[in-house]
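K.L.:
I have a structure here, written as structure tokens, and I will follow up with some questions on it.
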Amino acid sequence: MTSSPQEADGTPQPGAEVTTEPATPRAALAALGWSAAVTAVVVAVGYAFYRWPATGLPLEPLPGPPWPYLATWGVLCLACCLLLRWSTGFKGLEGGAQAIGALSVGGIRTSLAHRPDPALLWTYGALALAVAAVAAVFWRLRRRS
28 MTSSPQEADG TPQPGAEVTT EPATPRAALA ALGWSAAVTA VVVAVGYAFY
78 RWPATGLPLE PLPGPPWPYL ATWGVLCLAC CLLLRWSTGF KGLEGGAQAI
128 GALSVGGIRT SLAHRPDPAL LWTYGALALA VAAVAAVFWR LRRRS
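In short: position in the sequence shown from 1, add 27, done, that's my numbering.
As structure tokens, then:
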């Protein structure tokens, strides 16, 4: 919610300071539920790619268990979703779930086709999350001031 001066039609006045109220436990729980739902859909689609190799796509998965890759991408997807919700003040971003889901499903599909070392995925994923977390902290601090 915003607490800024507004005109009669509800639009904020130019130059008015916009502050956000702290997130409630209910908003945090809703963000966790939203993030878990997006992650579950992403992992389910990734598993469907593994079980249904005749998708007509140029990348066919190599034989072997998909679980290390699905777990890695599931954790990274959950962390990205939670970071997105936190950085936007638990309100979300229009198209945020679709963007994170598309990138995660693409990562799963590529991982299942090329089978890189899962430790390499964890390393690059952790590095990308660290950079995204720093950017989110700076963005939130900038929005508050």
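Here a beta-carbon is modelled for each residue, glycine too, at the ideal position from N, C-alpha and C.
1. With a CB to CB cut of under 6 Å and the five nearest residues on each side skipped, what residues in its chain are close to L103?
2. My assumption, with CB atoms under 8 Å, is that P95 sits in contact with Y77. Please give the rounded CB distance.
3. Going by alpha carbons, who is nearest to Q125 out of F165, L139, P52 and W61?
4. Output the boundary residues of the alpha helix (DSSP H) element that contains T51.
5. Go to T99, then tell me how far its alpha helix (DSSP H) extends in each direction, as first and last residue.
6. Given a threshold of 16 other Cβ atoms within 10 Å of its Cβ, counted over all protein chains shown, does T175 qualify as buried or as exposed?
7. Report buried or exposed for L105, applying the criterion of at least 16 other Cβ atoms within 10 angstroms of its Cβ.
P.N.:
Quick look at the numbers:
1. Within the sequence shown, residue 103 is the residue found at index 76, counting from 1. The answer, listed in chain order, is G152.
2. Taking the first residue of the sequence shown as position 1, residue 95 is located at position 68. Taking the first residue of the sequence shown as position 1, residue 77 is located at position 50. The pair is not a contact, with the Cβ atoms about 12 Å apart (cut-off 8 Å).
3. Here residue 125 corresponds to residue number 98 of the sequence shown, with the count starting at 1. For the residues F165, L139, P52 and W61, the minimum Cα distance to Q125 belongs to W61.
4. Mapped onto the sequence shown, residue 51 falls at position 24. No alpha helix (DSSP H) holds T51; DSSP gives it neither H nor E.
5. Numbered from 1 along the sequence shown, position 72 holds the residue referred to as residue 99. Taken as a continuous stretch (DSSP letters only), the alpha helix (DSSP H) holding T99 covers W94 to S114.
6. In the structure as shown, the chain begins at 28 and stops at 172. Residue 175 is therefore absent and cannot be evaluated.
7. For the purposes of this step, residue 105 is taken as the residue at position 78 of the sequence shown. Burial call: buried.
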